[in-house]
Amino acid sequence: MFHWTEQKIRVHVVYCVLALMVAKLMVREADRAGMHLSVRELLTTLAGIEETVLLYQGERGRPRARRMLTGKDATQRRLYDLFGLDAYA
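Counted from 1, the sequence shown has number 21 at position 21 by the UniProt record's numbering; the numbering is strictly sequential.
Now the structure itself:
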């Protein structure tokens, strides 16, 4: 039950173009770092980096959360470092 209006379609197009521009900029940065990847390869590689949240029982009843990343291969590690993703993990 989608009610598409002209305005919603325009906003959707803007988001798609913006996402493509960001992806192409990321490909360019990776290319400058010696990693020659397509947009699809770059996004697939980055999508393979997953975050896991471990919950521990706290001393005062409130659980504590610890965020950890799953194992990364060499390409994922290079991209992770290149884009400074540790600031977001």
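Virtual Cβ for every residue (Gly too), placed ideally from N, Cα, C.
query                                                                            : result
R60: first and last residue of the uninterrupted beta strand (DSSP E) it sits in : Neither: R60 is in no beta strand (DSSP E) and is coded neither H nor E.
Cβ pair M54, R67 closer than 9 Å                                                 : Before going on, a small fix: residue 54 reads as Leu here, not Met. Contact: yes.
With 16 other Cβ atoms within 10 Å as the buried cut-off, status of L20          : exposed
Candidates W4, E41 and L69, of which the one nearest E51 by Cα                   : L69
Cβ-Cβ distance between A33 and L82 below 9 Å                                     : yes
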